[in-house]
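Reading through the structure tokens given below for one structure.
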Amino acid sequence: MEPIHIIGAGLAGSEAAWQIARAGLPVVLHEMRPQVATFAHRTGDCAEMVCSNSFRSDDDRMNAVGQLHWEMRAAGGLIMAMAARHRLPAGGALAVDRDAFSQAVTQALQAEPLVSFQPGEIRELPTEGRWIVATGPLTSEALGQSIRGLTGEGSLAFFDAIAPIVHAESIDMSICWRQSRYDKGETEAERTAYINCPMTREDYEGFIDALLAADKTEFHEGETAGYFDGCLPIEVMAERGRETLRHGPMKPVGLTNAHNPAEKPYAVVQLRRDNALGTLYNIVGFQTKMKYGAQIDVFRRIPGLQDARFARLGGIHRNSFLNSPRLIDDRLRLRARPNLRFAGQVTGVEGYVESAAMGLLAGRMAAAEALGRDLPPPPATTSMGALVNHITGGADAKTFQPMNVNFGLYPPLDAMRGGRKGRKDRYPAYTDRAKADFQQWLAGQS
Ligand SMILES: Cc1cc2nc3c(=O)[nH]c(=O)nc-3n(C[C@H](O)[C@H](O)[C@H](O)COP(=O)(O)OP(=O)(O)OC[C@H]3O[C@@H](n4cnc5c(N)ncnc54)[C@H](O)[C@@H]3O)c2cc1C
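Okay, here's the thing in structure tokens:
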């Protein structure tokens, strides 16, 4: 049988290759790294995590991304299996040791006899054969041109920002303390997964002033099509209102200052462990486009980080994605050339987990098609189905922007109470329904 080809061995491409091999079909992975670099990847490994080391909430009852984890595990996903193997304590989140994780994904694929690797950049969309394009937000320039040439509409481009990473030994623990919000987690390590830096009102006001005054990187004209709201740079959040950060990543709730339990901090900056050794911590939610020098000055104003040394400073990045509602069908095929499927962030989902989930689906769909079967997407009542439904039909093509999975994409449950108060009952009802429907979808394939 002719192999299925995949362009890009990132989160989506790696998962797609695994699913195809599990279906008993040969697959060829074309990856341009390390021969051709991107500004964000550091290695030649598969499924490299370019920024945060977290797959976000692992709560499959109250959280739509946790439910997506559950679905990927139920479908025998490689990314979730390797994440479990290299998991780090992170409260209710699924965080991993990033290098060990991507090496494990690479080794699992290398050990799979049906998977072969063909290193190098694919510069043009192929015309023959069955292909999955999983080239991500940093799709190479040449291939991007080729995609634009075929779709006639151009992939959109916008910028996300990267959060800085601090060396743990440079954090002043006589000021900071370890605690997960609301002491969440089953083990002591999870309950103490975060390092917290407390701020008084005066500290906070001074910090906001410094943030607003800091030198920022200028965008070139026409470079930004607007920010994605889930990943706003902190200085942009501060520009939207002085209190915005205190209600966002710097909210002081669910935390008690171990050095001074009687005094409630006015704001708190949290750092999350970034590697298994516990030597690196990232500043949670602090993506930024401040210039490097300014970042050091501003971040060292945070109590406890006055002597911080940075393993990596924040930055800005490009993000290419298709106008999927117009260009892609619900089997993830390009309408204009159905032998090409798209998967991952380039389809307009946002995030590691969502990208890997679209890889899982594209892999299964391509394998089914090669075997003469048609595989419909999972029902829209599941996290995976809700995402596909959104990018290939639910979203308005005119205003299409990348999307994280969330319960807002789920079809409502008639009998349930709406609003904030109804969440306690509504979310478990959503995820119960999702699990039953996903299992049924899986059973239909065996
Ligand atoms: C700088 C940055 C930071 C991000 N931070 C986060 C974060 O913290 N959390 C989060 O959940 N998501 C984050 N994202 C978004 C997204 O989840 C990740 O980019 C994720 O890796 C997307 O998975 P993917 O498989 O679609 O793409 P990738 O993982 O990027 O994989 C695409 C692969 O295709 C290869 N490739 C590209 N063009 C070609 C070509 N022409 N030929 C051959 N190979 C090619 C690339 O080298 C790469 O290995 C970030 C994105 C960027 C760019």
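The C-terminal residue of the sequence shown carries number 530 in the working numbering, and the numbering is unbroken.
Glycine residues also receive a C-beta, built at the ideal position from the N, C-alpha and C atoms.
### Query
Under a Cβ-count criterion, where at least 16 other Cβ atoms within 10 Å of its own Cβ denotes burial, should Ala101 be classed as buried or exposed?
As a first step, residue 101 must be located in the sequence shown, where it is residue number 17. Buried, by the Cβ-count rule.
### Task
Give a yes or no on whether the C-beta atoms belonging to Tyr365 and Ile292 are separated by under 8 Å.
Locating residue 365 in the sequence shown gives position 281, counting from the first residue. Locating residue 292 in the sequence shown gives position 208, counting from the first residue. Result no, Cβ atoms of Tyr365 and Ile292 do not sit closer than 8 Å.
### Query
Around the Cβ of Ile91, are there at least 16 other Cβ atoms within 10 angstroms (buried) or fewer (exposed)?
Here the question's residue 91 lines up with position 7 in the sequence shown. Around the beta carbon of Ile91, a 10 Å sphere encloses 16 or more other beta carbons of the protein chains shown; the residue is thus reported as buried.
### Task
Measure the CB-CB distance between Met156 and Ala440 and report whether it falls below 8 Å.
In the sequence shown, the residue the question calls residue 156 occupies position 72. In the sequence shown, the residue the question calls residue 440 occupies position 356. The answer is yes: Cβ separation under 8 Å.
### Message
Classify Phe522: buried if its beta carbon has 16 or more other beta carbons within 10 angstroms, exposed otherwise.
### Response
Working through the sequence shown from its first residue, we reach residue 522 at position 438. Label assigned to Phe522: buried.
#### Entry: Residue of Ala105, Ser98, Asn423, Gln354 minimising C-alpha distance to Pro197
Translated into the one-based positions of the sequence shown, residue 197 becomes position 113. Looking from the CA of Pro197, the closest CA among Ala105, Ser98, Asn423, Gln354 belongs to Ala105.
### Query
Shortest alpha-carbon distance to Asp458 belongs to which of Ser186, Gly528, Arg402?
Translated into positions along the sequence shown, residue 458 becomes position 374. Measuring from the Cα of Asp458, the nearest candidate turns out to be Gly528.
### Message
So the candidates are Glu302, Val320, Arg326; which of them puts its Cα closest to the Cα of Asp287?
### Response
Walking along the sequence shown from the start, residue 287 turns up at place 203. Of Glu302, Val320, Arg326, the residue nearest in Cα terms is Arg326.
### Query
Starting from Met442 and walking both ways along the alpha helix (DSSP H), at which residues does that stretch end?
Mapped onto the sequence shown, residue 442 falls at position 358. Where Met442 is concerned, the enclosing alpha helix (DSSP H) stretches over 436 to 454.
### Message
Alpha carbons only, please: which of Ala165, Pro460, Gln429 is nearest the one belonging to Leu222?
### Response
On the sequence shown, position 138 is the one that residue 222 refers to. It is Gln429 whose Cα lies nearest to the Cα of Leu222.
#### Entry: Assigned secondary structure, Arg171 (DSSP; H/G/I helix, E/B strand, else coil)
For this step, residue 171 is matched to residue 87 along the sequence shown. Arg171 falls in the strand class under three-state DSSP.
### Task
From the DSSP output, in three-state form, read off Pro110 for me.
In the sequence shown, residue 110 corresponds to position 26, counting from 1. Pro110 falls in the coil class under three-state DSSP.
### Task
Go to Val353, then tell me how far its beta strand (DSSP E) extends in each direction, as first and last residue.
Here residue 353 refers to the residue found at position 269 of the sequence shown. In the DSSP assignment, Val353 falls within the beta strand (DSSP E) that extends over 351 to 357.
### Query
Nearest to Pro460 by CA position, among Ala454, Met449, Ala470, is which residue?
One-based indexing of the sequence shown puts residue 460 at position 376. Comparing Cα-Cα distances from Pro460 to each of Ala454, Met449, Ala470, the minimum goes to Met449.
### Query
In the DSSP assignment, what are the bridge partners of Pro282?
To locate residue 282, count along the sequence shown from 1; it is residue 198. When DSSP reads this structure, Pro282 sits in a beta bridge with Val352.
#### Entry: Met334 beta carbon less than 8 Å from that of Ala351
As a first step, residue 351 must be located in the sequence shown, where it is residue number 267. As a first step, residue 334 must be located in the sequence shown, where it is residue number 250. Yes, the Cβ-Cβ distance between Ala351 and Met334 is below 8 Å.
### Task
Could you check what DSSP says for Ser98 in three-state terms: helix, strand or coil?
Residue 98 sits at position 14 when you count from the first residue of the sequence shown. When secondary structure is reduced to three states using DSSP, Ser98 falls in the helix class.
### Task
Throw me the rounded Cβ distance for the Phe370 and Ala247 pair, which I believe falls under 8 Å.
The residue you call residue 370 lines up with position 286 of the sequence shown. The residue you call residue 247 lines up with position 163 of the sequence shown. The Cβ separation is near 5 Å, so the contact holds.
### Message
I'd like the span of the alpha helix (DSSP H) that includes Val472, first residue to last.
### Response
As a working note, residue 472 is residue 388 in the sequence shown. DSSP places Val472 in the uninterrupted alpha helix (DSSP H) bounded by 467 to 473.
### Task
Can you check DSSP and say which residues form a bridge with Ser264?
Walking along the sequence shown from the start, residue 264 turns up at place 180. Beta-bridge partners assigned by DSSP to Ser264: none are found.
### Message
Taking a contact to mean a Cβ-Cβ separation below 8 Å, would you say Asp181 touches Leu172 in this structure?
### Response
On the sequence shown, residue 181 is found 97 positions in, with the first residue counted as 1. On the sequence shown, residue 172 is found 88 positions in, with the first residue counted as 1. Yes.
### Message
Considering only the alpha carbon of each residue, which of Ala188, Pro512, Asp381, Val217 lies closest to Leu418?
### Response
In the sequence shown, the residue the question calls residue 418 occupies position 334. Nearest C-alpha to Leu418 among Ala188, Pro512, Asp381, Val217: Val217.
#### Entry: Nonlocal neighbours in the same chain, by C-beta distance under 8 Å from Glu319, ignoring five residues either side
If you number the sequence shown from 1, residue 319 lands on position 235. Excluding residues within five positions, the ones whose Cβ falls inside 8 Å are Leu295, Leu296, Ala298, Lys300, Thr372, Lys373, Met374.
### Message
Rounded to the nearest angstrom, what separates His125 and Pro203 at their Cα positions?
### Response
If you number the sequence shown from 1, residue 125 lands on position 41. If you number the sequence shown from 1, residue 203 lands on position 119. Those two C-alpha atoms are separated by around 16 Å.
### Member of His153, Asp129, Trp525 whose CA lies at the smallest distance from the CA of Gly97
On the sequence shown, position 13 is the one that residue 97 refers to. Checking every option, the nearest Cα to that of Gly97 belongs to Asp129.
### Task
Report all residues from its chain with a CB closer than 7 Å to the CB of Ser254; omit the five preceding and five following residues, and keep chain order.
Translated into positions along the sequence shown, residue 254 becomes position 170. The answer, listed in chain order, is Asp391, Ala392, Arg393.
### Message
Pull the bridge partners of Val134 from the DSSP assignment, please.
### Response
For the purposes of this step, residue 134 is identified with residue 50 of the sequence shown, where counting begins at 1. Note: Val134 sits in no beta bridge, so no partner.
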